[in-house]
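Undergrad: The structure that follows is given in the form of structure tokens.
Laid out in structure tokens, this is it:
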């Protein structure tokens, strides 16, 4: 199963990217590609600019990466209670190709933060709109206090309840629906 995983952040040391990457390793038999949102530099979306320049190649490249996957893992960074500006901008451009940005792919949505809230506000927003944007949402997990539960040296979650929740989410992603 080919998994596209990314943190919805452009930080070089993104804890959300680390969480998405770790969770992807829990998907049984996964072939993993981790995206870096810094590779999708785009001007700020607006319809006037879209009419002027058309669709930027980076938006098409991101959309095509999602299309190439059999599953998607996104870990949402929370900036002031909402999506990071970089992710929201990329998502807005990609939605001009097709509103169903996630292209009906099985998905796991995650979030984390250094504090006890675990970026729960942005995760709630993402969960609420998942179906509208073509995500077959299989699971959603918030991991609070990331630096307390993640071993940076090994790249693994060490706290047993968080590990249990992430493992269940990864396994749910891999389940094929029975017709």
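In the numbering used here, the protein residues as written are 284 to 462.
Don't be surprised by glycine CBs; every beta carbon is placed ideally from N, CA and C.
As the structure is a computational prediction, the values presented were derived from the model and not from experiment.
Which stretch, first to last residue, makes up the beta strand (DSSP E) that contains residue 302?
TA: Here residue 302 belongs to no beta strand (DSSP E); instead the alpha helix (DSSP H) covers 298 to 308.
Undergrad: Excluding the 5 residues flanking residue 332 on each side, which residues of the same chain have their C-beta closer than 8 Å to its C-beta?
TA: Here the set comprises 326.
Undergrad: What are the residues that DSSP puts in a beta bridge with residue 330?
TA: In the DSSP output, where bridge partners are listed per residue, residue 330 has none listed.
Undergrad: If you reduce the DSSP assignment to three classes, tell me which class residue 393 lands in.
TA: In this structure, residue 393 counts as strand in the three-state DSSP scheme.
Undergrad: On the DSSP bridge assignment, give the partners of residue 316 in chain order.
TA: Answer by DSSP bridge pairing, in chain order: 287.
Undergrad: In whole angstroms, what separates the C-alpha of residue 403 from that of residue 395?
TA: Roughly 8 Å between the two C-alpha positions.
Undergrad: So which of 365, 334 and 317 has the shortest CA-CA distance to residue 348?
TA: Of 365, 334 and 317, the residue nearest in Cα terms is 317.
Undergrad: If you follow the alpha helix (DSSP H) that residue 446 is part of, which residue opens it and which one closes it?
TA: First-last of the alpha helix (DSSP H) with residue 446: 443 to 457.
Undergrad: Short of 6 Å in beta carbon distance, which residues of its chain neighbour residue 290, apart from the five on each side in sequence? Order them along the chain.
TA: So the qualifying residues of the chain are 297, 299, 300, 303 and 358.
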